[in-house]
Amino acid sequence: RMLKKQTQCCLDIDRLNAAFLAIYESLIPPEEEKMKQELFLMSLEKLVNKEWPEARLYLYGSCANSFGVSKSDIDVCLVIEDAEINKSEVLLKLADILQSDNLQNVQALTRARVPIVKLMDPATGISCDICINNVLAVVNTKLLRDYAQIDVRLRQLAFIVKHWAKSRGVNATYQGTLSSYAYVLMCIHFLQQRRPAILPCLQEMRTTYSVTVDDIQCAYFDQVEKLRGFGSRNRETIARLVWAFFNYWAYGHDYANAVISVRTGSILSKHEKEWTRRIGNDRHLICIEDPFEISHDLGRVVDKFSIKVLREEFERAAEILQYDPNPCATLFEPY
Ligand code: ATP
Ligand code: MG
Numbered sequence: 019r020m021l022k023k024q025t026q027c028c029l030d031i032d033r034l035n036a037a038f039l040a041i042y043e044s045l046i047p048p049e050e051e052k053m054k055q056e057l058f059l060m061s062l063e064k065l066v067n068k069e070w071p072e073a074r075l076y077l078y079g080s081c082a083n084s085f086g087v088s089k090s091d092i093d094v095c096l097v098i099e100d101a102e103i104n105k106s107e108v109l110l111k112l113a114d115i116l117q118s119d120n121l122q123n124v125q126a127l128t129r130a131r132v133p134i135v136k137l138m139d140p141a142t143g144i145s146c147d148i149c150i151n152n153v154l155a156v157v158n159t160k161l162l163r164d165y166a167q168i169d170v171r172l173r174q175l176a177f178i179v180k181h182w183a184k185s186r187g188v189n190a191t192y193q194g195t196l197s198s199y200a201y202v203l204m205c206i207h208f209l210q211q212r213r214p215a216i217l218p219c220l221q222e223m224r225t226t227y228s229v230t231v232d233d234i235q236c237a238y239f240d241q242v243e244k245l246r247g248f249g250s251r252n253r254e255t256i257a258r259l260v261w262a263f264f265n266y267w268a269y270g271h272d273y274a275n276a277v278i279s280v281r282t283g284s285i286l287s288k289h290e291k292e293w294t295r296r297i298g299n300d301r302h303l304i305c306i307e308d309p310f311e312i313s314h315d316l317g318r319v320v321d322k323f324s325i326k327v328l329r330e331e332f333e334r335a336a337e338i339l340q341y342d343p344n345p346c347a348t349l350f351e352p353y
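Under the numbering used here, the sequence shown has 184 at position 166, and the numbering climbs by one with no breaks.
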């Protein structure tokens, strides 16, 4: 009878598959949106090159890592290879240039953790943030995009998790919850851990791509076209994976001791990372190691209040997927 009950439960979960796929499809940005962004980037670069002929612009974040939903803001990184520059001066100068080119809502935020210029292009409606020399973000964007090429279930899972996090108000680092970047890393790690594995660990494989940024060596296997079909021995559906993902974060994860690590494709201990003590504002209540800046815990924004909110939301999601008659609607209900 136990067996029968279990099979029944699995069938029920798989029945939700079409609904989850439909949500995923509805979130994918249309091709023409990508084209518009590329054209806008080129016009920006032309403008910037009048002042800094050697400077280059790169897209990073969700518009370039393949985890962006339709109508997201775009993240742009201005790279100037001159060690002498003063970031604040460059940002203010940049804001000036953009302002005189009729871009709207131009604002230089020079005191932010990552200083940026914000702007909106009235012609296309594109909003964008420009930062300076944040090359590590460009490189981690490539890592995420490369993982997404290996198995479509990563993109599906991450879209659904991000959509859930935005709907439930747990996607705001300034409120002590997690960034989109952290959620995507949680999804990659989760798929590395399935048995059979759905994703490999690219940083443990032969190096085919390597750059050094701010003294950090970023190296991994990036010939991902050779890895298509890597996860095909695992036939779990997206509905099953969403269910298992929330179960893991609700009931399976060892919050007291564990650190999830995409870099090693495994779980590390807080002890070996020396993340057991609170240092300054870093509390390490949920630990997500950055794949390149390995001393950086993406969960460090989480405090003793927001950890409760987060865990209650994971539990709510797991319960809904288990018992709710119409989970696809309830899961994304606004908070
Ligand atoms: P969204 O669709 O919500 O805009 P996003 O992928 O753009 O999602 P953000 O969290 O806005 O995600 O981050 C943008 C990019 O900035 C990330 O893709 C990553 O490259 C970089 N980034 C963000 N937070 C961190 C961090 N704490 N450490 C290192 N890089 C980060
Ligand atoms: Mg973004």
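Positions of the beta carbon are idealized from the N, C-alpha and C atoms, including for glycine.
- The straight-line gap separating the alpha-carbon atoms of residue 310 and residue 324 is approximately 26 Å.
- According to the DSSP assignment, residue 307 belongs to the beta strand (DSSP E) that extends over 305-307.
- In the three-state reduction of the DSSP assignment, residue 100 falls in the coil class.
- Collapsing the DSSP output to three states places residue 138 in a strand.
- For the 8 Å CB-CB criterion, residue 132 and residue 149 form a contact.
- When Cβ pairs closer than 8 Å are counted between the two stretches, the stretch 173-183 is seen not to touch the stretch 228-237, the count staying below three.
- In the DSSP assignment, residue 77 forms a beta bridge with 94.
- Note on geometry: alpha-carbon atoms of residue 269 and residue 100 lie some 49 Å from one another.
- Nearest to residue 141 by alpha-carbon distance, out of 287, 94, 279, 55, is 55.
- Setting aside the 5 residues that flank it on each side, residue 187 is surrounded in the same chain by 353, each with a C-beta closer than 6 Å to its C-beta; the list follows chain order.
- The beta carbon of residue 314 sits closer than 6 Å to the beta carbons of 308 from its chain, once the five residues preceding and following it are set aside; these are given in chain order.
- Inclusion of residue 171 and residue 115 in the CB contact set at 8 Å is not warranted, their separation being larger than that value.
- Between residue 239 and residue 225, the beta carbon gap of about 7 Å places them in contact (Cβ cut-off 8 Å).
- With contacts defined as CB atoms closer than 8 Å, residue 317 and residue 339 fail to qualify as a contacting pair.
- Annotated three-state conformation of residue 193 is helix, per DSSP.
- In the DSSP annotation of this structure, residue 241 is not part of any alpha helix (DSSP H), being labelled neither H nor E.
- Annotation: residue 230 is outside any alpha helix (DSSP H); the continuous beta strand (DSSP E) that includes it extends over 227-231.
- For residue 90, the CB falls within less than 7 Å of some heavy atom of the ligand MG.
- In this structure, residue 32 and residue 257 form a Cβ contact; the two beta carbons are roughly 6 Å apart against a cut-off of 8 Å.
- Between the stretch 192-206 and the stretch 159-177 there are three or more inter-stretch CB-CB distances shorter than 8 Å, so the stretches are counted as touching.
- If you draw a straight line from the Cα of residue 75 to the Cα of residue 108, it comes to about 14 Å.
- Residue 151 is positioned such that its CB atom lies closer than 8 Å to that of residue 97.
- Contact between residue 277 and residue 287 holds: CB atoms are separated by about 7 Å, below the 8 Å threshold.
- Not a single heavy atom of the ligand MG lies less than 7 Å from the C-beta of residue 84.
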